[in-house]
Structures are given as structure tokens and as C-alpha cells.
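Just below is one structure, and these are the notes that go with it.
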């Protein structure tokens, strides 16, 4: 649940940045180890 909330928050914050969704797929596992 918390991970899903953080995922949504991250996508919301980076929506205006030139970061692709595939970039998030790489960053999220790195952040959560």
C-alpha cells in the first residue's frame, strides 16, 4: 500500500520532468532495494 502511494506521488512529482515511465521502472526498485 505504501509503495503504491509513493509510486503515485513520484509519478505526480515527475510528471512535468522529461523522465519516462521506463525510467521509473528502473528507479523504483533501486529506491526500495
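Residue numbers (my numbering): 492 to 524. The beta carbon of each residue, even a glycine, is placed where N, CA and C say it ideally should be. Because the structure is a prediction, the values reported are computed rather than measured.
| Query | Result |
| --- | --- |
| Length of the line joining the Cα atoms of residue 507 and residue 523 | 23 angstroms |
| Rounded C-alpha distance that separates residue 500 from residue 519 | 12 angstroms |
| For residue 506, the first and last residue of its enclosing alpha helix (DSSP H) | It is not in any alpha helix (DSSP H) - residue 506 carries neither H nor E in the DSSP assignment. |
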